[in-house]
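Position 123, counted from 1, in the sequence shown is what the working numbering calls 135; the numbers after and before it change by one each time, with no gaps.
Glycine residues also receive a C-beta, built at the ideal position from the N, C-alpha and C atoms.
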Amino acid sequence: MTDVLPAAPSTAAPLSAGEIDAVRQRFPILSREVNGHPLTYLDTAATAQKPDVVIEAESAFYRESNAAVHRGAHTLAGEATELYEDARLTVAAFLGVDEHEIVFTSHATEALNLVAYALGTASIGRGAGAAAAEFALGPGDEIVVTELEHHANLIPWQELAARTGATLRFIPVHDHGGLDLDAAASIISERTRVLAITHVSNVTGAVTPLDVLVPLARAAGALVVLDACQSAPHLPLRPRELDVDIAVFSGHNLYGPPGNGVLYGRAALLDALPPFLYGGSMITTVTMEKAEYLPSPQRFEPGTPRIAQAIGLAAAIRFVQEVRMERIAATEHVLGERLLAGLSTVPDVRVLGAGSPEPRVALASIVVDGVHAHDAGQVLDEVGIAARVGHHCAQPLHRRFGVTASLRLSAGLYTTEAELDRAVEAVASIRPFFGLSEGEQS
Ligand SMILES: Cc1ncc(COP(=O)(O)O)c(C=O)c1O
């Protein structure tokens, strides 16, 4: 039985107000003002702010150790290689996996494309291990996603299905926003070769019930690919305990720099899959006709990698580990409850997926009756509140909820209750700002 990590592990104490204040001191940007108001940053799901240690780690690399990794005979190249490979060890320890199971990519989007591409060439790609044929897809095979997916975990599978003749199916969501698990039980079948699902929805904030879905995939003999972009920053993430084959996330969501993504893959799977990009640093021998490829992770990291970004991510991971992920989850659980409770008191505001029974992170996407999300976002920006507007790269889910756009408020480990209260107050001011009284249609 797999574990679904609860949004609030009962053993961990939430951070005290003093501890949150100490955390906030480490994020230089949080002391700035926007439009004459203190910045209230509620766009962490789009990208998290960076603590001083991340800014310093990246800049120290350029000041002191900048060199290309792996091939140089000089001291700087050795130092850069050590820092880069140390970053891989830090990520591996964070996830509780081996370091050769960690591939650095440029972002989660690339990691998901890598997996979908490699699966698409499993039977023909040179460099594939003999076991790769087992992962090849063709007509009659099915790839299953959910209606919750971010486009990054949808379009690569659409394209893989189109290239291989496999069929793409999806687990629908109920009107309340939760996944239809009865439908899942009939959709996931012996035809399913891949189940690719988000761990936490970037629109509803709900934690996917992996304890139900993963065993269904296992029984079907399917690979499980987990999009952990919105869980890695908020919940302890242990891919092996969750029994998934692949898990991906972006460094920038986890308080690290942009330009860096993480792909965890089960060793046997990564070593069997053919490469995605081809070039230098990934080979054992090359002739004019062909090449032999190194095992993972090198076979998936050709070219000069994003060295400073990996080092920055390692600094971010050490930072959250000092705070402790369990305590971050417990703190954000309290914040999430407060945000939802506050928003539920505002008339003519609908929280997308508010009725779903799953635990959730501190994130809410709202629709303000009669006001376009972009206009609503501007009202918040006027008072220094940074929120996301649009479809959040989840058009099918917005369509399912009958809207084209929403305004998303998303917290991080630096968010205070007072900030959320301010945001709720600002949301309550949106309709009056546009001259709409309670219940009035525009
Ligand atoms: C759930 C989810 N999946 C995938 C992505 C894609 O991440 P990136 O744009 O960093 O590749 C995001 C982006 O925030 C996301 O929220």
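Opening and closing residue of the beta strand (DSSP E) in which residue i lies
i, result
"residue 114", "114-117"
"residue 208", "204-210"
"residue 401", "400-402"
"residue 455", "Beyond the ends of the chain as shown, which are 13 and 454, falls residue 455; an answer cannot be given."
"residue 156", "154-158"
Check: residue i C-beta below 8 Å from any heavy atom of ligand 1
i, result
"residue 124", "yes"
"residue 239", "yes"
"residue 262", "yes"
"residue 212", "yes"
"residue 78", "no"
"residue 121", "yes"
"residue 162", "yes"
"residue 173", "no"
"residue 165", "yes"
"residue 328", "no"
"residue 150", "no"
"residue 196", "no"
"residue 57", "yes"
"residue 273", "yes"
"residue 310", "no"
"residue 47", "no"
"residue 242", "yes"
Residue span of the alpha helix (DSSP H) that contains residue i, given as start and end
i, result
"residue 84", "Segment: none, residue 84 is in no alpha helix (DSSP H) and carries neither H nor E."
"residue 182", "Element bounds for residue 182: not the alpha helix (DSSP H) but the beta strand (DSSP E), 179-183."
"residue 276", "Where residue 276 is concerned, there is no enclosing alpha helix (DSSP H), although the beta strand (DSSP E) it sits in stretches over 273-277."
"residue 3", "Coverage of the chain is limited to positions 13 through 454, which leaves residue 3 absent and any answer about it impossible."
"residue 378", "Segment 375-380 is the beta strand (DSSP E) holding residue 378; no alpha helix (DSSP H) there."
"residue 439", "429-440"
"residue 129", "120-132"
"residue 231", "222-232"
"residue 304", "Run containing residue 304: none in the alpha helix (DSSP H); it sits in the beta strand (DSSP E), 303-305."
"residue 72", "64-72"
"residue 34", "29-37"
"residue 172", "167-176"
"residue 389", "385-394"
"residue 410", "407-412"
Residue(s) in a DSSP beta bridge with residue i
i, result
"residue 49", "46"
"residue 237", "208 and 258"
"residue 361", "380"
"residue 191", "185"
"residue 55", "422"
"residue 295", "305"
"residue 89", "Answer by DSSP bridge pairing: none, since residue 89 is not bridged."
"residue 218", "372"
"residue 397", "52"
- Touching or not, the segment 360-370 and the segment 31-48, by the rule of three or more beta carbon pairs under 8 Å? With a cut-off of 8 Å on Cβ pairs, the segment 360-370 is not in contact with the segment 31-48, counting fewer than three such pairs.
- Task: Tell me, please, whether the segment 213-227 touches the segment 370-384 by the rule of three or more beta-carbon pairs shorter than 8 Å.
- Result: The segment 213-227 is in contact with the segment 370-384.
- Message: With a threshold of 8 Å, are at least 3 pairs of Cβ atoms found where one atom belongs to the segment 394-409 and the other to the segment 420-431?
- Response: The segment 394-409 makes contact with the segment 420-431: 3 or more CB pairs, one atom from each, lie closer than 8 Å.
- Any chance the segment 106-119 sits against the segment 270-285, with 3 or more Cβ pairs inside 8 Å? A contact exists between the segment 106-119 and the segment 270-285.
- Message: Count Cβ pairs between the segment 333-343 and the segment 302-311 that sit closer than 8 Å; are there 3 or more?
- Response: Flag = no, the segment 333-343 and the segment 302-311 do not touch.
- Query: So, do the segment 204-211 and the segment 234-250 have three or more beta carbon pairs nearer to each other than 8 Å?
  - Reply: Contact between the segment 204-211 and the segment 234-250 is present, because at least three Cβ pairs lie under 8 Å.
- Message: Three or more C-beta pairs under 8 Å: does that hold for the segment 423-443 against the segment 50-70?
- Response: Below 8 Å, enough C-beta pairs join the segment 423-443 and the segment 50-70 to call them touching: three or more.
- Item | Three-pair Cβ contact test at 8 Å for the segment 31-43 versus the segment 349-361 | At 8 Å Cβ cutoff, the stretches do not touch.
- Touch check for the segment 97-104 and the segment 340-349: three-plus C-beta pairs under 8 Å? Short answer: they don't touch.
- Taking contact to mean at least 3 C-beta pairs separated by less than 8 Å, is the segment 105-117 in contact with the segment 275-288? They touch, by the three-pair rule.
- Message: Any contact between the segment 173-182 and the segment 139-156? By contact I mean 3 or more CB pairs, one from each, below 8 Å.
- Response: Contact holds: three or more Cβ-Cβ distances are below 8 Å.
- Query: Quick check: the segment 283-300 against the segment 56-74, are there 3 or more CB pairs under 8 Å?
  - Reply: The answer is no - the segment 56-74 does not touch the segment 283-300, with fewer than three Cβ pairs under 8 Å.
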